[in-house]
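Per my numbering: the sequence shown ends with 828, consecutive numbering throughout. Heads up, the beta-carbon is just placed ideally off N, CA and C, and yes, glycines get one too. These figures come from a predicted structure and were not determined experimentally. To start, the structure itself, in structure tokens.
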Amino acid sequence: MYVPSESSSPRFALRGLCLSLSLMGFASLALAQEAAPAPAPAASAPRAPAKPATPARPASPAPAEPRQTLEKVEVSGGASDDATRRASSAAKIVIGREEIEKFGDNSLGEVMKRLPGVTTGGRPGRGGEIRMRGMGGGFTQILVNGERMPPGFSLDQLPPEQVERIEIMRAPTAEFGARAIAGTINVVLREAYQRKVNDLRAGLTIERSQVNPNLSWQRNDKLDDAGSSYNLAVNAGQMKHVDDQNGRTVAEDLHGGPTRVLTTSGSGTDERKMLNATGRVQWRLGEGESFALQPFLSLNKGSSSSQQRQSGDRSDGRPLPYDSAQTDGTSEFKMLRLNTQLQKKLDADTRLDLRAGLGRALMDSHTLRQEFAGSVGTRTQEDTVSGHDSNWSLMAKASRQLENEHSLVGGLEAESQTRHQTRVSLQNGLPRPELADFGDNISASVRRFAAYGQDEWSMGPHWSFYAGLRWEGIETKSDAANYAVSNKSSVWTPLLHAVWKPEEKSRNQVRMSLTRSYRSPQLQDLIARPSINSEYPCPADGLCGPNAVQYADRSGNPDLRPEMATGLEVAFERYLVKGGLLSANFFYRHINDLIRTETRLETVSWANVPRWVARPQNIGSAKTFGVELEAKFRLDEFVDEALPINLRSNLSLFSSSVDGIPGPNNRIDSQPKATANIGFDYKLRALPLTLAAGLNWTPGGTLQQTLIQQSVTPTKRVIDASATWAIDRDTQLRLSASNLAPLDYNTSTIITTADNRITTDNLGRSFTVWQLRWEKKL
51 MYVPSESSSP RFALRGLCLS LSLMGFASLA LAQEAAPAPA PAASAPRAPA
101 KPATPARPAS PAPAEPRQTL EKVEVSGGAS DDATRRASSA AKIVIGREEI
151 EKFGDNSLGE VMKRLPGVTT GGRPGRGGEI RMRGMGGGFT QILVNGERMP
201 PGFSLDQLPP EQVERIEIMR APTAEFGARA IAGTINVVLR EAYQRKVNDL
251 RAGLTIERSQ VNPNLSWQRN DKLDDAGSSY NLAVNAGQMK HVDDQNGRTV
301 AEDLHGGPTR VLTTSGSGTD ERKMLNATGR VQWRLGEGES FALQPFLSLN
351 KGSSSSQQRQ SGDRSDGRPL PYDSAQTDGT SEFKMLRLNT QLQKKLDADT
401 RLDLRAGLGR ALMDSHTLRQ EFAGSVGTRT QEDTVSGHDS NWSLMAKASR
451 QLENEHSLVG GLEAESQTRH QTRVSLQNGL PRPELADFGD NISASVRRFA
501 AYGQDEWSMG PHWSFYAGLR WEGIETKSDA ANYAVSNKSS VWTPLLHAVW
551 KPEEKSRNQV RMSLTRSYRS PQLQDLIARP SINSEYPCPA DGLCGPNAVQ
601 YADRSGNPDL RPEMATGLEV AFERYLVKGG LLSANFFYRH INDLIRTETR
651 LETVSWANVP RWVARPQNIG SAKTFGVELE AKFRLDEFVD EALPINLRSN
701 LSLFSSSVDG IPGPNNRIDS QPKATANIGF DYKLRALPLT LAAGLNWTPG
751 GTLQQTLIQQ SVTPTKRVID ASATWAIDRD TQLRLSASNL APLDYNTSTI
801 ITTADNRITT DNLGRSFTVW QLRWEKKL
């Protein structure tokens with residue numbers, strides 16, 4: 051394994067940062083001790099009466115000062131985000147509305163990329179797949195209001211304006227489930243009434259000269275004087291991306307044969323139109339009792355178009371079947387979900403929480419690809435996919451507070467998801483022959499049942515504990531023609547958390563967790579129905595011939611087992627006087643039955659010779675560990691007479707290894723070696739202007755995915771900035787920019803077989819995204 055020099059190694063950086071955190075902690079302690087005698091000048095008698103000495107002044111400013119104080123109380127709605135984090139028995143980071151709105155981001159991915167230990171896939175400035183600890187492939191559990199969303203739904207479809215808060219749980223808990231090897235992100239939509247709101251926001255987003263409008267409206271109000279209330283949030287918008295599509299494939303013959311080069315060039319557009327609406331109606335039934343209905347609607351309609359030209363030689367030496375291609379596609383996603391919640395007090399110390407949800411999602415897509423040799427059409431491929439998902443969920447939770455500082459919670463859960471999909475594939479207007487045996491219709495279902503219990507208790511002023519146990523069983527069935535699947539799995543996951551404080555009112559505390567977690571195989575990974583690569587199609591009158599390794603067919607594996615992980619977390623936290631904290635969190639995961647897609651040469655039923663097939667496999671065990679450092683504070687807490695600038699920074703260092711794959715780059719899929727953020731915001735005193743800026747950095751590197759395949763990712767550096775001008779008390783104008791000083795985003799894949807080394811480079815650019823938004827309180 052490659053060992054970097056001492057001065058640049060993560061270990062050296064870790065030592066330096068830990069030392070910095072320690073020094074900051076000692077500095078804050080020293081400042082707190084020095085500040086202790088400060089009440090004397092603050093309480094000096096001459097200044098206190100000097101202000102009210104003029105009776106005329108309070109008469110005019112009086113209405114303004116109480117109003118500002120009331121607004122702050124209403125926004126907080128109770129405990130602050132850091133106070134909630136501090137009081138939690140299990141490690142939890144809470145991001146509220148103020149932090150979500152800081153940069154005016156237009157996607158949740160852009161909001162979350164700044165959080166400790168969180169990375170996003172895709173091009174800078176556009177959000178992307180959200181990962182904790184850099185672990186891709188479904189290791190992060192993503193929830194909306196505590197529930198999983200159906201396939202086809204992405205968090206980037208959910209506008210930040212509809213989110214009340216984001217909860218990040220680094221270790222699993224019994225209540226939220228243990229399908230969270232890397233951790234859990236729970237997105238909480240707008241909640242019950244806290245204050246009267248009637249807000250309108252209109253904005254324009256510009257990327258590469260493409261102007262995209264968006265409009266959102268939110269309304270919170272009371273239904274009656276008994277405490278019943280409602281809220282409604284609606285968002286509509288459009289997003290259009292224009293990208294260059296350039297690539298280069300170099301095939302080297304390892305036995306001295308000719309080197310073949312294939313180049314591709316082209317461009318593509320992708321346009322989406324979105325409408326999202328969420329609401330909540332809550333009736334108060336009594337003291338501490340309520341019934342709520344929460345509908346959620348998501349509509350997403352997209353279209354895409356791309357043109358591609360290619361020249362050169364294929365890696366196998368065969369002539370190119372076409373030199374240009376045109377691909378056009380449309381897609382539509384519709385989802386409607388209704389959740390209900392009943393909260394009931396059985397007695398003074400016992401509460402019952404019942405929830406039920408019912409949802410349906412419709413997915414339709416159509417793709418037409420036309421290939422040409424010169425001006426002569428050589429082949430057309432047309433795919434039409436239509437499907438729908440139906441799902442329901444039931445949850446019951448009982449909690450009881452005991453006199454001996456114990457808080458007991460027990461729950462039962464049931465969930466079902468059913469998918470029906472029809473696919474029609476045509477080649478030159480006729481059904482594709484190689485798919486005749488696989489069937490066009492798929493019906494599949496996933497049922498999940500769970501039971502859990504947990505106990506939180508305090509043992510004096512220094513210790514608090516959490517112990518939980520969860521059982522979860524999953525049953526997956528599919529009746530796909532000739533590829534039916536029946537897969538059952540069940541797991542027990544014990545969960546232990548503890549918090550230690552050196553003193554009862556100490557601002558320092560230490561967290562510890564020992565947990566079990568797991569990841570169950572995805573439905574598409576279990577269904578063995580093949581997908582034939584379109585670059586090496588089958589003839590109309592017979593079986594398929596050979597294909598190239600970089601153009602492998604795909605198939606599932608009905609024998610996959612769930613991945614099981616043992617996790618350890620140790621964290622130090624120091625909460626500062628003026629808000630903010632310093633923390634260092636160490637984590638470790640040991641994973642058994644790791645799932646990874648491997649490309650192998652297989653004898654298959656749809657070909658008369660072996661073909662390369664990419665199929666998920668349980669390949670063995672893996673381990674990953676790292677440290678997440680975080681510091682957020684006001685500058686004047688450490689520097690006397692400094693401006694009250696809010697600073698936020700975090701640095702995460704990751705390391706992992708996968709057994710059975712040679713090093714030094716045999717890491718967990720998609721995991722970088724580090725990620726870092728630094729940012730600030732400051733409200734000017736002389737002007738009604740708030741400034742914010744931030745830097746997000748993720749280094750690139752090489753990842754050994756399988757025995758024969760490597761991937762190379764570039765360094766991501768994203769600079770964001772925003773300026774918010776308060777026009778009056780109810781109106782403000784925000785200008786923000788994401789991905790200032792954009793970098794090219796080039797990725798590579800290297801496949802090495804016994805005969806060839808094939809390197810495929812995908813060359814891409816990223817762009818600055820500008821947004822101007824007008825916000826009005828009606």
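For this session: If I'm right that S139 touches E506 with Cβ under 8 Å, what's the distance once you round it to whole angstroms?
Result: Between E506 and S139 the Cβ distance is about 5 Å, and since that is below 8 Å, they are a contact.
Problem set entry | Interface flag, K246 vs chain B, CB-CB below 8 Å | This model lacks chain B altogether, as it is built from one protein chain only.
Problem set entry | Whole-Å CB distance - P174 paired with V768, under 8 Å assumed | For a cut-off of 8 Å, the C-beta gap from P174 to V768 is around 5 Å, short enough to register as a contact.
Exercise. Between the beta-carbon of F153 and the beta-carbon of G744, is there less than 8 Å?
Worked result: Yes, Cβ-Cβ distance for F153 and G744 is below 8 Å.
Exercise. Alpha carbon to alpha carbon, how far is T190 from F622?
Worked result: Taking C-alpha positions only, T190 is separated from F622 by approximately 23 Å.
Exercise. What do you get for E453, buried or exposed, if any count of 16 or more other CB atoms within 10 angstroms of its CB means buried?
Worked result: Answer is exposed; the Cβ neighbour count stays below 16.
For this session: Take G479 and list the residues in its own chain whose beta-carbon comes closer than 6 Å to its own, dropping the five residues that flank it on each side.
Result: Excluding sequence neighbours, G479 sits near nothing in its chain.
For this session: Compute the Euclidean distance between the alpha carbons of K826 and L753, then round it to the nearest angstrom.
Result: When the Cα atoms are used, K826 and L753 turn out to be separated by approximately 48 Å.
Exercise. Apart from the five residues on each side of it in sequence, which residues of its chain come closer than 7 Å, Cβ to Cβ, to A335?
Worked result: First, the residue type needs correcting, since residue 335 is Leu and not Ala in the sequence shown. Within the same chain, F341 come within 7 Å of L335 by CB-CB distance, once the 5 residues on both sides are set aside.
Exercise. Does the ligand NAD have a heavy atom nearer than 7 Å to the CB of T314?
Worked result: Looking for the ligand NAD in the displayed structure turns up nothing, as the structure carries no ligands at all.
Problem set entry | First and last residue of the uninterrupted alpha helix (DSSP H) at G159 | Note, G159: alpha helix (DSSP H), L158 to M162.
Exercise. Does DSSP classify D275 as helix, strand or coil?
Worked result: Reduced to three states, the DSSP call for D275 is coil.
For this session: Look up L626 in the DSSP assignment and say whether it is helix, strand or coil.
Result: Three-state DSSP puts L626 in coil, outside helix and strand.
Exercise. With a CB to CB cut of under 8 Å and the five nearest residues on each side skipped, what residues in its chain are close to A692?
Worked result: Short of 8 Å from the beta carbon of A692, and not among the five residues preceding or following it, lie these beta carbons of its own chain, in chain order: L685 and D686.
For this session: Hey, could you find the ends of the alpha helix (DSSP H) A137 is sitting in?
Result: For A137, the enclosing alpha helix (DSSP H) starts and ends at D131 to A137.
For this session: Use the C-beta contact count for R661: other C-beta atoms within 10 angstroms, 16 or more gives buried, fewer gives exposed.
Result: Classified as buried, R661 has 16 or more neighbouring CB atoms from the shown chains inside 10 Å of its CB.
Exercise. Comparing alpha-carbon positions, which option in G814, L813 and D805 lies nearest A301?
Worked result: The option with the nearest alpha carbon to A301 is D805.
Exercise. Does DSSP put Q118 in a helix, a strand or coil?
Worked result: In this prediction, Q118 has a pLDDT of 39, which is less than 50 and means its spatial position is unreliable; what the coordinates show is noted afterwards. Note: Q118 maps to helix in three-state DSSP.
Problem set entry | Where Y533 falls: helix, strand or coil (DSSP) | It is coil, neither helix nor strand.
For this session: Using the DSSP secondary-structure output, state which residues sit across from C594 in a beta bridge.
Result: Answer by DSSP bridge pairing, in chain order: A657.
Exercise. When burial is assigned at 16 or more other CB atoms within 10 Å of the CB, is L703 buried or exposed?
Worked result: With 16 or more other Cβ atoms within 10 Å, it is buried.
Problem set entry | Whole-number beta carbon distance between M182 and F216, since they are thought to touch under 8 Å | Just to set this straight, residue 216 is Ile in the shown sequence, not Phe. So it is not a contact: roughly 12 Å between Cβ atoms.
Exercise. Looking at the structure shown, is D206 part of a helix, part of a strand, or coil, going by DSSP?
Worked result: Looking at D206 - three-state DSSP - the assignment turns out to be helix.
For this session: With DSSP as the reference, label Q391 as helix, strand or coil.
Result: The answer is strand: DSSP assigns Q391 an E or B state.
Problem set entry | Cβ distance (whole Å) where T725 is taken to contact K733 below 8 Å | The pair is not a contact, with the Cβ atoms about 28 Å apart (cut-off 8 Å).
Problem set entry | Beta carbon of M562 nearer than 8 Å to that of V654 | Between M562 and V654, the gap from beta carbon to beta carbon reaches 8 Å or more.
Exercise. CA-CA distance, E337 and L396?
Worked result: Whole-angstrom Cα-Cα distance: 12 Å.
Problem set entry | A109 - DSSP class collapsed to helix/strand/coil | Per-residue confidence for A109 stands at a pLDDT of 41, beneath the threshold of 50, marking its modelled position as unreliable; the derived number appears in the next sentence. Reduced to three states, the DSSP call for A109 is helix.
Exercise. Alpha carbon to alpha carbon, what distance is there between N597 and A634?
Worked result: Each residue's Cα considered, the two are about 50 Å apart.
Exercise. Looking only at its own chain, which residues have a Cβ that is under 6 Å from the Cβ of T390, when we skip the five neighbours before and after it?
Worked result: Its chain contains L343 and A406 as the residues whose beta carbon lies nearer than 6 Å to that of T390, once the 5 sequence neighbours on both sides are disregarded; these appear in chain order.
For this session: Report yes if the CB atom of Q212 is closer than 8 Å to the CB atom of A283, and no otherwise.
Result: It is a contact, given that the beta carbons lie within the stated cut-off.
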